[in-house]
Amino acid sequence: MDAERIKATLQAKLGVEMDFKLEWDAFRFLLFGKMFAMLGYNKQQEKILTLKLPPQEGAWYRDEYAFITEGYYMNKVHWISVRYELASKELMEELMEKSYANFLQRLTRKQQQQLASEDIIARHPDISY
């Protein structure tokens with residue numbers, strides 16, 4: 001999977017905004033202003049996607065795959081970094097979905113309702129609200 005496909009996949013998720021953090025030379029993916037994914041490089045200039053996952057899941061993926069490490073420049077317990085050019089498309093899609101879904105579960109009820117109403121409006125543009 002390449003960087004453009006990763007950006008498109010993450011941006012297609014409901015409520016996700018992308019920005020570019022010049023200081024980090026990285027694209028950030030945010031939901032309600034909080035980052036759940038970052039696309040950039042590690043200090044060896046390897047292309048990485050850094051994702052937030054529950055600690056036990058992140059640890060499992062790090063143990064299972066050599067190209068998945070502790071989150072580069074992030075909290076090592078909650079974040080993983082994936083050298084995405086070495087991973088299968090299916091694995092990348094799984095990891096991105098898990099990170100997004102985990103983040104959705106942590107939203108406040110108000111944020112979840114706001115997201116749900118945005119989804120309804122997006123799916124039914126013919127209805128005036």
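All the letters of the sequence shown, read from the start, carry residue numbers 1 to 129 under UniProt numbering. Don't be surprised by glycine CBs; every beta carbon is placed ideally from N, CA and C.
Taking Lys52 as the centre and dropping the five residues before and after it, the same chain places the C-beta of Phe36, His78, Trp79 and Ser99 closer than 6 angstroms to its C-beta, in chain order. Here the alpha carbon of Glu70 sits roughly 10 angstroms from the alpha carbon of Pro55. Taking Ala87 as reference, the option from Arg106, Met74, Ile48 and Ala101 with the minimal CA-CA separation is Ile48. Within the segment 56-102, complete beta strand (DSSP E) segments of at least 3 residues are found at 68-70 and 79-82, given in chain order. In this structure, DSSP gives Thr108 a state outside helix and strand, which the three-state scheme calls coil. When beta bridges are read from the DSSP output, Gly40 appears opposite Ile48.
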